[in-house]
Amino acid sequence: MKAGPKAKTDDSPLPWQPRSTGAARFRSFCDRFVRVPKGSNAKAKLRLRDWQLELISSIEDADPMPRTAGWMLPRGSGKSTLVAAYGLYRFFADGEGSVVVVVAVDERQAGIVFNIARRMIELDEDLSARVQVFKEKLYWPATDSYFHCLPASPASLEGLDYTLAILDEAGVASREAYEVLTLAQGKRPKSTLVAIGTPGPDPNDQVLVDLRTAAADHPEDKSLVWREFSASGFEDHPVDCEHCWSLANPALDDFLHRDALVALLPPKTREATFRRARLCQFVTELDGAFLPAGVWADLGTGEPVPDGADVVLAFDGSFSDDTTALLVGTVSTVPHFDKVKVWEKPSGDDTYRVPVAEVEDEIRNACRRWNVVEIVADPFRWTRTLQALEAESLPICEFPHSPARLTAATGDLYSAALNGRLSHSGDPTLAAHVGAAVIVEDARGIRLSKASRSRKAKKVDLAACLVMAHSRATWRATHRKKKKVRSFK
């Protein structure tokens with residue numbers, strides 16, 4: 001998309017006058033204008049499956065048209081492509097001043113559906129000739145119609161007047177955002193909110209659960225329709241039950257490949273996560289031990305990290321109540337880890353403060369003992385120490401604990417541990433911290449945490465160091481700086 005004023009658009013009516021109605025009219029629109037934006041059938045006409053048409057029919061063929069539709073499908077079912085095509089259909093078919101809005105937990109997620117719709121516009125000459133494409137909206141000047149994408153923050157959603165709203169990933173969307181969207185209805189004779197997604201991590205607090213319950217309790221309510229593809233009720237079946245796979249995945253063996261599900265089976269993903277994302281089951285296990293029983297013990301060698309080895313130091317600092325930890329790991333594709341030192345508040349001593357000077361000296365001593373290529377740490381509350389050490393030419397590498405970074409690093413560490421691609425000294429404190437760590441998951445991804453926020457909860461600070469150290473040690477092992485070779489002529 002070029003910056004600056006948009007080119008003049010074609011003001012003539014869309015060359016499309018179908019005799020069909022309802023879901024059949026939507027199919028006619030897709031046959032005429034919509035092409036697959038990416039994947040194995042990229043640029044081919046979008047071929048709608050019967051189950052996809054049934055979802056659309058639950059809205060378009062209902063009398064009266066429902067104000068709210070809840071659709072629950074597993075990941076890999078082409079939800080984004082379907083709702084993008086349906087959003088475009090309503091954008092063009094709802095007449096003067098139509099407004100379609102795509103809402104998700106953040107701009108990036110909302111942009112997924114929007115970018116699919118944008119690409120569908122670009123792939124058809126008739127559509128692209130009539131629509132102006134902006135960064136976060138499509139505009140059809142001839143009818144003054146808009147197609148927006150917005151984050152699911154209540155403040156950004158106030159004042160909307162839509163013909164169609166799509167709440168993507170409704171399993172993790174906030175209740176406040178949903179309520180603002182649904183309360184925006186009533187200004188038009190026809191407006192629909194489609195809440196679509198997979199179950200979220202908390203089955204007791206999510207929009208999808210509420211819609212599902214309301215539809216079951218009030219089947220006479222024509223303002224709400226509910227459709228789901230799930231293996232709900234079969235939670236006692238094993239995760240590799242093909243009967244459950246078929247129930248929950250209408251695209252299985254079509255554009256969802258069976259080997260992809262096999263590749264994701266536990267322990268490569270946690271069982272609760274697999275059941276929610278691939279079987280659409282509402283599971284109550286929110287947190288789980290980071291590693292299965294016995295895995296960490298089997299990785300122990302009883303050997304320390306050799307003096308003089310190329311290593312990464314990982315530092316997790318605190319101020320008073322929490323523990324401060326220092327861990328060492330060898331630079332290798334199969335790194336070896338050991339505890340350097342842990343500073344912990346003595347029981348009952350409310351005057352305790354972490355001895356900052358002692359911590360700094362311990363880091364300096366470690367740099368004398370090993371060839372430290374990186375000192376990796378989250379700079380939170382320890383910026384001055386890191387700056388002071390960096391001023392001494394020590395190799396500081398900041399590791400801010402952003403959700404995206406922690407999710408990737410945690411997943412890599414978990415995979416390495418299960419597949420024997422790391423080892424450790426067998427230090428009991430390190431083992432205790434790893435054993436106390438649990439995985440928590442929310443809309444931002446997965447990360448390591450304590451089992452509770454209580455001050456008496458078991459410490460996990462060395463496990464937090466392990467996540468950082470493993471990420472940087474393996475990266476360093478595969479991204480060594482190449483020595484420059486001089487040539488003489």
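Sequential numbering from 1 applies to the sequence shown in the UniProt record's numbering.
All C-beta atoms in this analysis are idealised placements derived from N, C-alpha and C, irrespective of residue type, glycine included.
Because the structure is a prediction, the values reported are computed rather than measured.
Run the CB neighbour count on residue i, radius 10 Å, all protein chains shown included, and call it buried at 16 or more, exposed below.
{"i": "Asp11", "result": "exposed"}
{"i": "Val305", "result": "buried"}
{"i": "Gln52", "result": "buried"}
{"i": "Glu235", "result": "exposed"}
{"i": "Gly70", "result": "buried"}
{"i": "Glu285", "result": "Residue placement at Glu285 is flagged as unreliable, the pLDDT there being 49, under the threshold of 50; the coordinate-derived value follows with that caveat. It counts as exposed."}
{"i": "His148", "result": "buried"}
{"i": "Ser332", "result": "buried"}
{"i": "Phe380", "result": "exposed"}
{"i": "Trp16", "result": "exposed"}
{"i": "Gly450", "result": "According to the sequence as given, residue 450 is Lys; it is not Gly. Label assigned to Lys450: buried."}
{"i": "Asn249", "result": "buried"}
{"i": "Asp378", "result": "buried"}
{"i": "Glu169", "result": "buried"}
{"i": "Glu54", "result": "exposed"}
{"i": "Asp338", "result": "buried"}
{"i": "Ser20", "result": "exposed"}
{"i": "Ala391", "result": "exposed"}
{"i": "Thr478", "result": "exposed"}
{"i": "Thr301", "result": "exposed"}
{"i": "Arg447", "result": "buried"}
{"i": "Glu125", "result": "exposed"}
{"i": "Ala155", "result": "exposed"}
{"i": "Gly233", "result": "exposed"}
{"i": "Val460", "result": "buried"}
{"i": "Arg47", "result": "exposed"}
{"i": "Gln387", "result": "exposed"}
{"i": "Pro64", "result": "exposed"}
{"i": "Leu389", "result": "buried"}
{"i": "Lys187", "result": "exposed"}
In terms of residue numbering, what span does the beta strand (DSSP E) encompassing residue i cover?
{"i": "Ala377", "result": "371–377"}
{"i": "Cys397", "result": "396–398"}
{"i": "Ala165", "result": "164–168"}
{"i": "Ala117", "result": "Per DSSP, Ala117 belongs to no beta strand (DSSP E); it is in the alpha helix (DSSP H), 107–122."}
{"i": "Thr324", "result": "324–330"}
{"i": "Arg227", "result": "224–228"}
Starting from the Cα of residue i, find the closest Cα among the options and give me that residue.
{"i": "Gly39", "options": "Phe26, Val101, Asp254", "result": "Asp254"}
{"i": "Glu374", "options": "Phe380, Gly329, Asp349, Ala409", "result": "Gly329"}
{"i": "Ala201", "options": "Ala216, Leu181, Arg270", "result": "Checking the sequence shown, residue 201 turns out to be Pro, not Ala. With distances taken between Cα atoms, Pro201 lies closest to Arg270."}
{"i": "His336", "options": "Arg67, Asp427, Val359", "result": "Asp427"}
{"i": "Trp475", "options": "Ala408, Val440, Ala457, Ala432", "result": "Ala408"}
{"i": "Asp31", "options": "Gly78, Tyr86, Gly76, Ala62", "result": "Tyr86"}
{"i": "Leu138", "options": "Ile116, Leu48, Asp338, Asp361", "result": "Ile116"}
{"i": "His424", "options": "Glu358, Val334, Gln281, Glu398", "result": "Val334"}
{"i": "Val354", "options": "Pro395, Arg364, Ala325", "result": "Ala325"}
{"i": "Pro189", "options": "Asp94, Ser393, Val239, Trp296", "result": "Asp94"}
{"i": "Glu358", "options": "Gly317, Leu394, Arg369", "result": "Gly317"}
{"i": "Leu123", "options": "Ala42, His243, Arg364", "result": "Ala42"}
{"i": "Val340", "options": "Trp140, Thr323, Phe282, Leu313", "result": "Leu313"}
{"i": "Ala457", "options": "Arg447, Ala473, Ala436, Ser471", "result": "Ala436"}
{"i": "Ala469", "options": "Asn419, Ile396, Trp245, Lys459", "result": "Ile396"}
{"i": "Val295", "options": "Gly420, Thr383, Ala216", "result": "Gly420"}
{"i": "Thr163", "options": "Ser191, Glu344, Arg175", "result": "Ser191"}
Counting along the chain, where does the alpha helix (DSSP H) carrying residue i start and finish?
{"i": "Trp475", "result": "461–478"}
{"i": "Pro403", "result": "403–418"}
{"i": "Thr213", "result": "207–217"}
{"i": "Glu344", "result": "Element bounds for Glu344: n/a, residue is neither H nor E."}
{"i": "Arg188", "result": "Neither: Arg188 is in no alpha helix (DSSP H) and is coded neither H nor E."}
{"i": "Trp245", "result": "242–248"}
{"i": "Gly435", "result": "428–436"}
{"i": "Arg384", "result": "383–391"}
{"i": "Leu157", "result": "154–157"}
{"i": "Leu127", "result": "125–128"}
With DSSP as the reference, identify every bridge partner of residue i, one or two as the case may be.
{"i": "Tyr146", "result": "Val99, Tyr139"}
{"i": "Gly233", "result": "According to DSSP, Gly233 bridges with nothing at all."}
{"i": "Phe337", "result": "Gly329, His424"}
{"i": "Val440", "result": "Arg447"}
{"i": "Ile196", "result": "Trp71, Asp168"}
{"i": "residue 490", "result": "In the structure as shown, the chain starts at 1 and stops at 489, and residue 490 therefore has no counterpart that could be examined."}
{"i": "Val133", "result": "Leu138"}
{"i": "Leu252", "result": "Leu256"}
Original post:
What residue ranges within the stretch 255–320 form continuous alpha helix (DSSP H) runs of no fewer than 4 residues, ordered along the chain?
Top reply: 258–263, 271–279, 295–298
Original post:
Which ranges would you report for the alpha helix (DSSP H) in the stretch 10–92 if only whole runs of at least 4 residues count?
Top reply: 22–33, 50–60
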